[in-house]
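Protein chains in written order, with the working numbering: chain W, 727 to 956; chain S, 727 to 956.
Ideal Cβ placement from N, Cα and C applies to all residues, glycine included.
Only one structure is covered here, and it is reproduced in the block below.
There are 2 protein chains.
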Amino acid sequence: MTEPTVADTETTRKDGKPAGRGRKYRPGRIRERNREKILQAAEQEFAQHGFRGATIQSIAERAGLPKSNVLYYFSNKKRIYAAMFDDILARWNRVFTDIRPEDDPARALSSFIRTKVEMSRRYPLASRLFAMEIIQGAPFLMEHLRTSMREWVRGRAAVIQSWIDDGRMAPVDPVQLIFLIWSSTQHYADFQVQILMVENKAEYEKRDFDHAADFLTGVILRGCGLEVPT
Amino acid sequence: MTEPTVADTETTRKDGKPAGRGRKYRPGRIRERNREKILQAAEQEFAQHGFRGATIQSIAERAGLPKSNVLYYFSNKKRIYAAMFDDILARWNRVFTDIRPEDDPARALSSFIRTKVEMSRRYPLASRLFAMEIIQGAPFLMEHLRTSMREWVRGRAAVIQSWIDDGRMAPVDPVQLIFLIWSSTQHYADFQVQILMVENKAEYEKRDFDHAADFLTGVILRGCGLEVPT
DNA sequence: GTCTATAAGCTGATAGAC
DNA sequence: GTCTATCAGCTTATAGAC
Numbered sequence: 727m728t729e730p731t732v733a734d735t736e737t738t739r740k741d742g743k744p745a746g747r748g749r750k751y752r753p754g755r756i757r758e759r760n761r762e763k764i765l766q767a768a769e770q771e772f773a774q775h776g777f778r779g780a781t782i783q784s785i786a787e788r789a790g791l792p793k794s795n796v797l798y799y800f801s802n803k804k805r806i807y808a809a810m811f812d813d814i815l816a817r818w819n820r821v822f823t824d825i826r827p828e829d830d831p832a833r834a835l836s837s838f839i840r841t842k843v844e845m846s847r848r849y850p851l852a853s854r855l856f857a858m859e860i861i862q863g864a865p866f867l868m869e870h871l872r873t874s875m876r877e878w879v880r881g882r883a884a885v886i887q888s889w890i891d892d893g894r895m896a897p898v899d900p901v902q903l904i905f906l907i908w909s910s911t912q913h914y915a916d917f918q919v920q921i922l923m924v925e926n927k928a929e930y931e932k933r934d935f936d937h938a939a940d941f942l943t944g945v946i947l948r949g950c951g952l953e954v955p956t
Numbered sequence: 727m728t729e730p731t732v733a734d735t736e737t738t739r740k741d742g743k744p745a746g747r748g749r750k751y752r753p754g755r756i757r758e759r760n761r762e763k764i765l766q767a768a769e770q771e772f773a774q775h776g777f778r779g780a781t782i783q784s785i786a787e788r789a790g791l792p793k794s795n796v797l798y799y800f801s802n803k804k805r806i807y808a809a810m811f812d813d814i815l816a817r818w819n820r821v822f823t824d825i826r827p828e829d830d831p832a833r834a835l836s837s838f839i840r841t842k843v844e845m846s847r848r849y850p851l852a853s854r855l856f857a858m859e860i861i862q863g864a865p866f867l868m869e870h871l872r873t874s875m876r877e878w879v880r881g882r883a884a885v886i887q888s889w890i891d892d893g894r895m896a897p898v899d900p901v902q903l904i905f906l907i908w909s910s911t912q913h914y915a916d917f918q919v920q921i922l923m924v925e926n927k928a929e930y931e932k933r934d935f936d937h938a939a940d941f942l943t944g945v946i947l948r949g950c951g952l953e954v955p956t
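Structure below.
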């Protein structure tokens with residue numbers, strides 16, 4: 727259970743050989759589609775059962791492929807798991823709105839909270855998968871936590887601290903504030919079943935997330951001594 | 727994967743037969759001790775790997791017993807899992823600080839937050855286990871969520887609403903407020919590894935939880951338009 | 001009550017025909 | 001590239017000796 731954090735996936739071949747079979751079909755087209763189907767199936771399976779509880783058989787069934795084909799594209803279980811995190815972390819880095827010292831604290835934090843809520847809405851499986859991995863002790867993501875994530879938090883905390891030093895917001899612990907925003911926003915994805923059951927709803931609607939984002943923005947910003955931007 | 731929410735555990739015999747073997751040894755003493763050892767081992771195993779990922783073999787090893795003995799005390803895997811939740815839900819109901827309309831909102835919410843943080847500190851495995859179960863879709867706790875928990879939330883939300891109606895705190899959504907307190911406090915147990923890694927700490931100390939409780943109380947109470955009690 | 005032996009089935013992974 | 005057949009190992013659970 728100790729292996730490289732984010733293992734290498736097979737490199738999709740970039741040799742540009744056209745493999746002339748009629749211009750409609752690009753060479754790696756089926757390959758890419760199957761890879762995508764498997765990764766989506768794997769996201770469901772791993773998010774629901776964790777690494778040990780997930781089975782390749784079940785991933786194959788969800789993807790509508792024979793088990794052997796799954797193992798043809800990804801040579802083993804760990805590779806599938808790692809490839810998913812590659813995708814998820816890349817998306818996280820791409821989508822994420824950053825905060826800077828010259829920003830207005832209220833607007834920046836508000837935007838941070840809303841982006842995170844939107845991520846919970848759009849990628850609930852990714853959120854649950856990440857939560858699973860952490861609860862299990864982060865065997866795959868340990869290095870990522872220790873390096874990239876630690877650095878990221880320190881950078882953002884320094885920005886928040888600069889706002890505090892300039893008297894632009896109340897003196898709250900910046901690192902704790904980041905944890906608060908993470909936990910409260912991810913909760914809507916990770917604990918979806920609990921929230922739906924308690925509120926007696928069959929499924930989420932867009933307005934539920936808007937409402938949640940408004941609520942969180944209001945409470946957290948006021949809690950930081952900030953005016954809530956309209 | 728669809729079975730009764732909280733299955734019946736074997737009834738510990740209450741027939742009071744002294745089974746006279748010298749007064750020092752109560753009849754079910756070894757039984758109780760082994761049962762306890764198994765449940766503690768199961769808590770670790772299930773919290774780390776989820777229901778499907780956990781193995782009876784591993785539970786037995788953690789408990790220092792042969793696998794067959796585990797299956798002697800609990801006839802199958804589901805019974806072990808269910809028995810744990812019996813214990814955990816019972817403890818939750820016993821420990822938990824309630825809130826009432828005649829309470830001071832600031833003191834009541836503050837006490838609520840601190841109690842939850844203390845639960846994260848004292849019973850992190852129970853928290854992670856619960857989180858796992860919910861992320862997996864709550865196959866065992868569905869009924870509990872739909873009945874007891876929904877009722878509990880509605881009762882507490884009504885109390886918070888009464889405070890709002892009396893103008894004793896800002897008009898925030900009471901149900902969302904409960905979710906916020908749950909998520910932010912449980913985070914310290916469920917995402918322990920992430921927090922420790924990001925903060926570059928080897929392990930939690932008591933003061934870390936005190937600090938977290940102070941932070942959360944401060945931000946959330948101010949967010950609700952309340953003065954933070956000293 | 002405890003523990004060894006074993007059944008019956010599923011797991012990840014590989015070999016090899018097409 | 002695809003799929004069937006198959007392996008060794010591990011899984012839950014039971015039978016039965018002590």
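Query raised in the report: Taking the alpha carbon of Glu953(S) as the point to measure from, which residue in Asn926(S), Arg894(S) and Gln902(S) has its own alpha carbon closest?
Result: Arg894(S)
Query raised in the report: Taking 7 Å as the CB-CB limit, is Phe1009(W) close to chain S?
Result: Beyond the ends of chain W as shown, which are 727 and 956, falls residue 1009(W); an answer cannot be given.
Query raised in the report: In the structure shown, what three-state DSSP assignment does Gln766(S) receive?
Result: helix
Query - Any chain W beta carbon closer than 7 Å to Met895(S) - result: no
Query raised in the report: Can you name, in chain order, every residue of its own chain whose Cβ lies under 8 Å from the Cβ of Tyr799(W), other than the five neighbours on each side?
Result: Here Tyr799(W) has Glu736, Arg757, Asn760, Arg761 and Ile764 as same chain residues with Cβ atoms under 8 Å from its own Cβ, once five neighbours each way along the sequence are excluded.
Query raised in the report: What residue does the alpha helix (DSSP H) around Asp934(W) start on, and which one ends it?
Result: Lys932 to Gly949
Query - Element boundaries [alpha helix (DSSP H), containing Asn819(S)] - result: Lys803 to Val821
Report task. Look at the Cβ atom of Asp899(S), then the Cβ atom of Phe941(W), and state whether they are nearer than 7 Å. Result -> yes
Query - Spatial neighbours of Gly944(W) in its chain, beta-carbon cut-off 8 Å, leaving aside the 5 residues before and after - result: Around Gly944(W): Val954.
Report task. Could you check how far apart the C-beta atoms of Met845(W) and Val924(S) are, in whole angstroms? I think they sit under 8 Å. Result -> Contact doesn't hold; Cβ gap of about 18 Å is too wide.
Requested in this report: Give, in chain order, every residue of the stretch 851–880 of chain S whose Cβ lies closer than 8 Å to some Cβ of chain W.
Outcome: Against chain W - using a Cβ distance shorter than 8 Å - the residues of the stretch 851–880 of chain S are Arg854, Ala857, Met858, Ile860, Ile861, Gln862, Gly863, Ala864, Met868, Leu871, Arg872, Met875, Arg876 and Val879.
Requested in this report: Determine which residues of the stretch 898–913 of chain W have a Cβ less than 8 Å from any Cβ of chain S, and write them out in chain order.
Outcome: Taking 8 Å as the Cβ-Cβ cut-off against chain S, the residues of the stretch 898–913 of chain W that qualify are Val898, Asp899, Val901, Gln902, Leu903, Phe905, Leu906, Trp908, Ser909, Ser910, Gln912 and His913.
Requested in this report: Determine the extent of the alpha helix (DSSP H) in which Phe800(W) is found, giving its start and end residues.
Outcome: Taken as a continuous stretch (DSSP letters only), Phe800(W) belongs to no alpha helix (DSSP H), as it is neither H nor E.
Query raised in the report: Can you tell me whether DSSP reads Asp891(S) as helix, strand or coil?
Result: helix
Query - Segments of 4+ residues assigned as alpha helix (DSSP H) that fall wholly inside the stretch 849–882 of chain S - result: 850–861
Query raised in the report: Would you call the stretch 828–837 of chain W and the stretch 798–814 of chain W touching, i.e. three or more CB-CB distances under 8 Å?
Result: no
Requested in this report: Could you have a look at Ala884(S) and say whether DSSP puts it in helix, strand or coil?
Outcome: It is helical.
**Report entry** Where Phe822(W) falls, given that 16 or more other Cβ within 10 Å makes a residue buried
**Finding:** exposed
Query raised in the report: Is it the case that the Cβ atoms of Ser853(W) and Gln774(W) are separated by a distance below 7 Å?
Result: No; because the gap between Cβ atoms is not below 7 Å, this pair is not in contact.
**Report entry** From Gly776(S), Phe772(S), Cys950(S) and Gln918(S), residue whose alpha carbon lies closest to that of Arg848(S)
**Finding:** Gln918(S)
Report task. Following the continuous alpha helix (DSSP H) through Ile785(W), name the residue where it begins and the one where it ends. Result -> Ile782 to Ala789
Report task. Go ahead and pull the three-state DSSP assignment for Phe975(S). Result -> The first residue shown for chain S is 727 and the last is 956, placing residue 975(S) beyond what the model contains.
**Report entry** Gly776(W): contacting residues in chain S (beta-carbon distance under 7 Å)
**Finding:** His775, Gly776 and Gly779
Query raised in the report: Is Arg788(W) near Ala767(W), with beta carbons less than 7 Å apart?
Result: yes
Query raised in the report: Is the CB-CB distance between Ile904(S) and Val879(S) below 7 Å?
Result: yes
Requested in this report: State yes or no: is the beta carbon of Ala920(S) nearer than 7 Å to at least one beta carbon in chain W?
Outcome: Residue identity check: residue 920(S) is Gln in the sequence provided, not Ala. At least one chain W Cβ lies under 7 Å of Gln920(S).
Requested in this report: For Gly748(S), name the three-state secondary structure that DSSP assigns.
Outcome: Residue confidence for Gly748(S) is low, a pLDDT of 44 falling below 50, so the modelled location carries little weight and cannot support an answer.
Query raised in the report: On the premise that Val796(S) lies in contact with Ala938(S), defined as a C-beta separation below 8 Å, what is that separation, rounded to the nearest angstrom?
Result: In fact, because the Cβ distance is near 36 Å, the residues do not count as touching under 8 Å.
Query raised in the report: Is it true that the CB of Arg826(W) sits closer than 7 Å to the CB of Gly984(S)?
Result: Residue 984(S) is absent from the model: chain S starts at 727 and stops at 956.
Requested in this report: Drop a sphere of 10 angstroms on the beta-carbon of Glu729(S), count the other beta-carbons inside from all chains shown, and report buried for 16 or more, exposed for fewer.
Outcome: Interpretation of Glu729(S) is limited by its pLDDT of 34, a score under 50 that renders its predicted location unreliable; the figure taken from the coordinates is listed afterwards. Glu729(S) is exposed by the Cβ-count criterion.
Query - Three-state secondary structure (DSSP) of Arg757(S) - result: helix
Requested in this report: Taking a Cβ distance cut-off of 7 Å, strictly less, list which residues of the stretch 808–836 of chain S are near chain W, in chain order.
Outcome: For the stretch 808–836 of chain S, the set of positions with a beta-carbon nearer than 7 Å to some beta-carbon of chain W is empty.
Query raised in the report: Apart from the five residues on each side of it in sequence, which residues of its chain come closer than 7 Å, Cβ to Cβ, to Ser910(W)?
Result: Leu942
Query - Close beta carbons around Leu871(W), own chain, < 7 Å, minus the five adjacent residues each side - result: Closer than 7 Å at Cβ, skipping near neighbours: Ala864.
Query - Rounded separation between Arg747(S) and Lys793(S) - CA only - result: Residue placement at Arg747(S) is flagged as unreliable, the pLDDT there being 44, under the threshold of 50; a coordinate-derived value is accordingly withheld.
Query raised in the report: What is the DSSP secondary structure of Arg826(S), reduced to helix, strand or coil?
Result: In the structure shown, Arg826(S) sits in coil (DSSP, three-state: anything other than H, G, I, E or B).
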